[in-house]
Amino acid sequence: MLPHLNFAESNIDFLGKRRITIAISVVLVLVSVALLATRGLNFGIDFTGGTLVEVGYPEAVDLQPIRQQLADSGFAGAQVQTFGTSRDVLIRLAPRADDPDQATLSNQVLNALGSGGPEGAELRRVEFVGPAVGEELREQGGLAMIYALAGILIYVAVRFEWRFSIGSVLALVHDVAITLGIFSLLQLEFDLGVLAAVLAVIGYSLNDTIVVYDRIRENFRILRKQGTEQVMNNAVNKTLARTIVTSATTLLVLFSLAFLGGAALQNFSIALIIGVLVGTYSSIFIAATAALLLGVDRQVLLPVKKEGAEEDQTP
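Taking this note's numbering, the leading residue of the sequence shown gets -18, the next gets one more, and so forth.
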């Protein structure tokens, strides 16, 4: 029989391990920043501009002859990969000054593929994004993340206290930086779908952080005889069951999308899986630690007692 895990009555000293968890997070964030600075992100056609051509073959094909065919026909540097199955091939062409219209370009690609190597190439779709549009999308995507973080900073400052707002943004920056760092390390394609996933990670992680902070504030009103660290540890332990169950059920859906949703949803799902895992870690180990280091305590959160008010009898 499997043991019954009662997270609701757990008493784990999360904040007592804060030096270790902070060291781990700092190292991960610094490595992520270094990767982004040196390797960068593998931007998809949405951000770089260019042409995407999807072709299908009647049987599984080897990609190397296809790359050679394209290079011999003047499409040097074309990115070729399978798309969903080994019979479906996705070709990405960088923008060129003398590119013809989509119809002409797609015919040129088909002619190149028919000049040797695997036979039976069938055009499925063609997409074109201009370099100016790609650059604008990249800028707008970066601004979207900045605006989201700024809005969260203001909301949490109004809803709770300014120290909580800084703590929540630090946790979110931690989650986004590590997610982007892993994409840079693995050179997974970063397109508009992945950007949407990163913004979703911000919302998901913030939700968990707000739950922890709300419990911390409530505990300061109830647990009058306990110290700040004990109060915050209690809050993390009381929300642990919710955090783990929410993350586990979300990951079930995301892994289903990653394995069964096809290539179109794969990177989107991977970004969310990484974000949920890192966000769960930050909700448990980083959110309360950030609040503690920023000086959140009972005097900060509880309203000042008015002169002449009766002494509070709460134990």
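Note that beta-carbon positions come from the ideal geometry of N, C-alpha and C, so glycine has one too.
The structure presented is a predicted model; accordingly, all values stated were derived computationally and were not measured.
Secondary structure of residue 72 (DSSP, three-state): strand. For residue 33, the enclosing beta strand (DSSP E) stretches over residues 31 to 37. Leaving aside the five residues that flank residue 94 on each side, the residues in its chain whose CB is nearer than 7 angstroms to its CB run, in chain order, 36, 47, 50 and 102.
When C-alpha distances from residue 250 are compared across 235, 261, 258 and 86, the shortest belongs to 235. DSSP places residue 168 outside both helix and strand once states are collapsed to three, so it counts as coil. Burial of residue 170 is indicated by the presence of at least 16 other C-beta atoms within 10 angstroms of its C-beta.
In terms of Cα proximity to residue 2, the closest of 178, 267 and 183 is 267. For residue 103, the secondary structure class from DSSP, reduced to helix, strand or coil, is strand. Note on residue 245: under 16 other CB atoms within 10 angstroms of its CB, so exposed under the neighbour-count rule.
Taking 9 angstroms as the cut-off, the Cβ atoms of residue 72 and residue 134 do not count as close.
Proximity to residue 44 across 60, 53 and 151 peaks at 60, based on C-alpha coordinates. Residue 187 is classed as buried because its beta carbon has at least 16 other beta carbons within 10 Å across all chains shown.
In the three-state DSSP reduction, residue -8 falls in the coil class, being neither helix nor strand. Look at the region 185 to 258 and you find these whole runs of alpha helix (DSSP H), each 4 residues long or longer: 209 to 241. The beta carbons of residue 257 and residue 232 sit closer together than 9 angstroms.
One thing to note: residue 167 has its Cβ no nearer than 9 angstroms to the Cβ of residue 129.
Residue state for residue 90 is assigned as helix, using DSSP reduced to three classes. The beta-carbon separation of residue 276 and residue 105, rounded to 58 angstroms, does not stay under the 8 angstroms limit for a contact. The alpha carbon of residue 278 has as its nearest neighbour, out of 224, 264 and 200, the alpha carbon of 200. Under the three-state reduction of DSSP output, residue 40 falls in the coil class, being neither helix nor strand. Non-local beta-carbon contacts of residue 160 in its own chain, meaning distances under 7 angstroms to residues more than five positions away in sequence, involve 179, 182, 252, 255, 256 and 259 in chain order. The Cβ atoms of residue 64 and residue 90 do not sit closer than 9 angstroms to each other. Residue pairing for residue 56: DSSP places it in no beta bridge. Comparing alpha carbon positions, the residue from 174, 136 and 27 closest to residue 119 is 27. Note on geometry: alpha-carbon atoms of residue 13 and residue 22 lie some 11 angstroms from one another. The alpha carbon of residue 148 has as its nearest neighbour, out of 240, 157 and 137, the alpha carbon of 137.
In the three-state DSSP reduction, residue 142 falls in the coil class, being neither helix nor strand. From the listed residues 75, 227, 19 and 184, the smallest Cα separation to residue 154 is found for 184. From the listed residues 261, 204 and 207, the smallest Cα separation to residue 227 is found for 261.
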